[in-house]
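Q: First the structure, which I've put down as structure tokens, then a few questions once you've had a look.
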Amino acid sequence: MPSASDISTTPKAVGKDILRSVTRVLSSWPALWLGFVLAHAWIILQAWVFEPQILGDVNLYEWWVRNGMDAGWWPVFDYDWVYPIGALAPMAIPALFADSTPGYYWVWMGLVTAANAVAVLLLGRARPHGRAAVWFWLAFLVSLGPIWIGRLDGLLAPIILVALIVASRRPALAMTLATVGAWIKIAPGAVALALAATASGAKTFLRNVVLPGAAVCAVVVGVAFAGGGQDNVLDVFGEQGDRQLQVEAVAATPFTVARLWDSSIRVEYDDVIYTYEVLGEGADAVAQSLDIALPIAAGLLAALTWWAARRRPDRVGDVLLLGAAAELLALIVFNKVGSPQFIAWIGPPMAAAIALGSRSQGTRRTWFLPAFGTLLVARLTMELYPLRYGEFLGGWPLATTVGAVRNLLLVALLVGAVVRLVQVVRSRRSISSAD
Numbered sequence: 002m003p004s005a006s007d008i009s010t011t012p013k014a015v016g017k018d019i020l021r022s023v024t025r026v027l028s029s030w031p032a033l034w035l036g037f038v039l040a041h042a043w044i045i046l047q048a049w050v051f052e053p054q055i056l057g058d059v060n061l062y063e064w065w066v067r068n069g070m071d072a073g074w075w076p077v078f079d080y081d082w083v084y085p086i087g088a089l090a091p092m093a094i095p096a097l098f099a100d101s102t103p104g105y106y107w108v109w110m111g112l113v114t115a116a117n118a119v120a121v122l123l124l125g126r127a128r129p130h131g132r133a134a135v136w137f138w139l140a141f142l143v144s145l146g147p148i149w150i151g152r153l154d155g156l157l158a159p160i161i162l163v164a165l166i167v168a169s170r171r172p173a174l175a176m177t178l179a180t181v182g183a184w185i186k187i188a189p190g191a192v193a194l195a196l197a198a199t200a201s202g203a204k205t206f207l208r209n210v211v212l213p214g215a216a217v218c219a220v221v222v223g224v225a226f227a228g229g230g231q232d233n234v235l236d237v238f239g240e241q242g243d244r245q246l247q248v249e250a251v252a253a254t255p256f257t258v259a260r261l262w263d264s265s266i267r268v269e270y271d272d273v274i275y276t277y278e279v280l281g282e283g284a285d286a287v288a289q290s291l292d293i294a295l296p297i298a299a300g301l302l303a304a305l306t307w308w309a310a311r312r313r314p315d316r317v318g319d320v321l322l323l324g325a326a327a328e329l330l331a332l333i334v335f336n337k338v339g340s341p342q343f344i345a346w347i348g349p350p351m352a353a354a355i356a357l358g359s360r361s362q363g364t365r366r367t368w369f370l371p372a373f374g375t376l377l378v379a380r381l382t383m384e385l386y387p388l389r390y391g392e393f394l395g396g397w398p399l400a401t402t403v404g405a406v407r408n409l410l411l412v413a414l415l416v417g418a419v420v421r422l423v424q425v426v427r428s429r430r431s432i433s434s435a436d
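Once you know that position 281 of the sequence shown is 282 in our numbering, the rest is easy, because the numbers rise by one and skip nothing.
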């Protein structure tokens, strides 16, 4: 007969066996791809449910491309544009395979889904925790909702994710991907900054940062010049400079909250760039200050990342991911534009950190809370847009609170990344002092 101690430990042992079995099943590729299909099916369904809000920009992409193909009037080549010239490439692909607007929508969403499938494949193969990272990534995208699949950011997020996954082994490839992404939309340039800041030595910097980045830029600018777009290829920066404070932006939070009791604060629609903006002298001053604050913040974060990488070469992988996360968060927090799809930028550093991180207590402390906070930010963003956007624009209390909490969490995530970078450096000093 089994002893009393054997009987008492049996339930615990059975529980561990069940947990191991469930973990084994969830870590299998069939389970991961089933999760991928279900997640993307739900997201695409929601995109059609909220078609005007989600696919309105895709409709604009089609108009730009069809106008170029039919009338020979192309963005950048013939007039200034709100996006970098590289954005034309993914926008043109659906037009080559579809003749109708619904067909263009389907091909676009298929293109974004295919890009994300490549990212999931590489993420799931990352060691030691790539399979767990895939589940986080899918949970993040589902929490964010359909907005990312109806914007260029749906392509940027997989590019950022892949660049971060391969950065430690193939930094030149990571820099190439980040630069290509930045010529589609600026955000992946934050990863390029982090890669530059963590490169060790002049030769490494030249080989892994300067040469791949310059090669991509040379090709893109060469195409622009060949097509006669040399006068407009950099106008994207001027286009952004003319914008006012978007109502969803982090810096607009004091104004949106104050609307609860101050009816003089105005939110109006800009029919040129298709966004709602906060108007007034105070909002204009904030928007102008952010034009200065954003590049300063990016530069300071790059300097902090460089310092941390030099002080802790043994943890350069963590420093790179923290630096990239901080830069991407700064692009949101210090941006006068606050589009909901921007949140897609901050999931990749968290997914890459989960995939590549060790089981050490320090790694878990660095990334567990930020990962949870990122999921919460994504969920609140979907609640804000598209679910409660009309209420948010109307200044309803609940929707205003959702937007304010979401923006405060973004600030907290940025502060946390900065603090953690400093702690990584100080931990080296503490070890040295103890020795």
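No residue lacks a Cβ here, since even glycine has one placed at the ideal position from N, Cα and C.
All of these numbers come straight from a predicted model, not from anything done at the bench.
Take W308 as the anchor and find which of I293, G324 and A294 has the nearest alpha-carbon.
A: Counting from one through the sequence shown, the residue named residue 308 turns up at place 307. Of the candidates I293, G324 and A294, the one whose C-alpha sits nearest the C-alpha of W308 is G324.
Q: Can you tell me where the alpha helix (DSSP H) with L322 in it begins and where it stops?
A: The residue given as residue 322 occupies position 321 in the sequence shown. Start and end: V317 to V334.
Q: What three-state label does DSSP hand V272 in the structure shown?
A: Start at 1 with the first residue of the sequence shown, and residue 272 comes out as number 271. Sequence inspection shows Asp at residue 272; the Val mentioned does not correspond to that position. Of the three classes helix, strand and coil, the one that applies to D272 here is coil, per DSSP.
Q: With burial defined as no fewer than 16 other Cβ atoms inside 10 Å of the residue's Cβ, what is the status of V135: buried or exposed?
A: Against the sequence shown, residue 135 aligns to sequence position 134. Buried.
Q: With which residues is L280 paired in a DSSP beta bridge?
A: One-based indexing of the sequence shown puts residue 280 at position 279. R267, per the DSSP bridge assignment.
Q: Under three-state DSSP, which class holds Q424?
A: For this step, residue 424 is matched to residue 423 along the sequence shown. In this structure, Q424 counts as helix in the three-state DSSP scheme.
Q: Give every residue of the same chain whose Cβ lies closer than 6 Å to the Cβ of T367, excluding the five residues on either side of it in the sequence, and list them in chain order.
A: In the sequence shown, residue 367 corresponds to position 366, counting from 1. Closer than 6 Å at the Cβ level, and outside the excluded window around T367, lie R421.
Q: With DSSP run on the structure shown, which of helix, strand or coil describes I432?
A: Here residue 432 corresponds to residue number 431 of the sequence shown, with the count starting at 1. With a pLDDT of only 43 at I432, under 50, the local geometry of the prediction cannot be trusted, and the value read off the model is given with reservation. Of the three classes helix, strand and coil, the one that applies to I432 here is helix, per DSSP.
Q: Helix, strand or coil: how does DSSP classify Y80 here?
A: As a working mapping, residue 80 is identified with position 79 in the sequence shown. Strand.
Q: Compare the Cα-Cα distances from D71 to each of A96, P189 and D271 and report the closest residue.
A: For the purposes of this step, residue 71 is taken as the residue at position 70 of the sequence shown. If we check each option's Cα against that of D71, A96 comes out closest.
Q: Going by DSSP, what residue range makes up the alpha helix (DSSP H) through S144?
A: Along the sequence shown, one-based indexing puts residue 144 at 143. Here the alpha helix (DSSP H) through S144 covers G131 to L145.
Q: Would you tell me roughly how many angstroms separate the C-alpha atoms of S431 and A200, rounded to the nearest one?
A: Residue mapping note: residue 431 aligns to position 430 of the sequence shown, counting from 1. Residue mapping note: residue 200 aligns to position 199 of the sequence shown, counting from 1. In this predicted model, S431 has a pLDDT of only 46, less than 50, meaning its place in the structure is not dependable; the value taken from the coordinates is given anyway. If I take the Cα positions, the gap works out to 25 Å.
Q: Does any residue of chain D bring its CB to less than 8 Å from the CB of A356?
A: The structure shown has no chain D; it contains just one protein chain.
Q: Nearest to I344 by alpha carbon, out of R312, L385 and V59?
A: To locate residue 344, count along the sequence shown from 1; it is residue 343. Considering only alpha carbons, the answer is L385.
Q: Can you give me the start and stop residues for the alpha helix (DSSP H) that A252 sits inside?
A: Your numbering for residue 252 matches position 251 in the sequence shown. Here A252 belongs to no alpha helix (DSSP H), and DSSP marks it neither H nor E.
Q: Over the uninterrupted alpha helix (DSSP H) stretch that includes L204, give me the two end residues.
A: The residue given as residue 204 occupies position 203 in the sequence shown. Inspection of the sequence shows that residue 204 is occupied by Lys rather than by Leu. Per DSSP, K204 belongs to the alpha helix (DSSP H) from A203 to F206.
Q: Considering only residues of the same chain and omitting the five flanking positions on each side of A259, which have a CB-CB separation below 7 Å?
A: Position 258 of the sequence shown, counting from 1, holds the residue named residue 259. Sequence-distant Cβ neighbours of A259 in its own chain, meaning closer than 7 Å and more than five residues away, are I266.
Q: Assign K337 to buried or exposed, taking buried as 16 or more other Cβ atoms, counted over all protein chains shown, within 10 Å of its Cβ.
A: The residue you call residue 337 lines up with position 336 of the sequence shown. With 16 or more Cβ atoms within 10 Å of its Cβ, K337 is classed as buried.
Q: Check whether the Cβ atoms of L246 and V273 lie closer than 8 Å to each other.
A: Numbered from its first residue, the sequence shown carries residue 246 at position 245. Numbered from its first residue, the sequence shown carries residue 273 at position 272. No.
Q: Are L381 and V412 touching if we call contact CB-CB under 8 Å?
A: Working through the sequence shown from its first residue, we reach residue 381 at position 380. Working through the sequence shown from its first residue, we reach residue 412 at position 411. No, the Cβ-Cβ distance between L381 and V412 is not below 8 Å.
Q: What are the residues that DSSP puts in a beta bridge with L246?
A: Counting from one through the sequence shown, the residue named residue 246 turns up at place 245. Answer is V279, bridged to L246.
Q: Per DSSP, what kind of secondary structure is F37 in: helix, strand or coil?
A: In the sequence shown, counting from the first residue as 1, residue 37 sits at position 36. Per DSSP, reduced to three states, the secondary structure at F37 is helical.
Q: Name the two residues that bound the continuous alpha helix (DSSP H) containing A200.
A: Residue 200 sits at position 199 when you count from the first residue of the sequence shown. Where A200 is concerned, there is no enclosing alpha helix (DSSP H), given that its DSSP letter is neither H nor E.
Q: Considering Y390, what are the terminal residues of the alpha helix (DSSP H) in which it resides?
A: As a first step, residue 390 is located in the sequence shown; it is residue number 389 there, counting from the start. Element bounds for Y390: Y390 to L394.
Q: Roughly how far, in whole angstroms, is the beta-carbon of P76 from the beta-carbon of W65, given that I think they are within contact range, below 8 Å?
A: Taking the first residue of the sequence shown as position 1, residue 76 is located at position 75. Taking the first residue of the sequence shown as position 1, residue 65 is located at position 64. Your pair P76 and W65 checks out as a contact, with CB atoms roughly 5 Å apart and the cut at 8 Å.
Q: Can you tell me whether DSSP reads N233 as helix, strand or coil?
A: Counted from its first residue, the sequence shown places residue 233 at position 232. Looking at N233 - three-state DSSP - the assignment turns out to be coil, as it is neither helix nor strand.
Q: Mind checking whether P350 and L165 have CB atoms under 8 Å apart?
A: For the purposes of this step, residue 350 is taken as residue 349 along the sequence shown, with counting starting at 1. For the purposes of this step, residue 165 is taken as residue 164 along the sequence shown, with counting starting at 1. Yes; because the gap between Cβ atoms is below 8 Å, this pair is in contact.
Q: Should L330 and A418 be called a contact, given that it needs their Cβ atoms to be closer than 8 Å?
A: The count along the sequence shown starts at 1 and reaches residue 330 at position 329. The count along the sequence shown starts at 1 and reaches residue 418 at position 417. Taking 8 Å as the Cβ cut-off, L330 and A418 qualify as a contacting pair.
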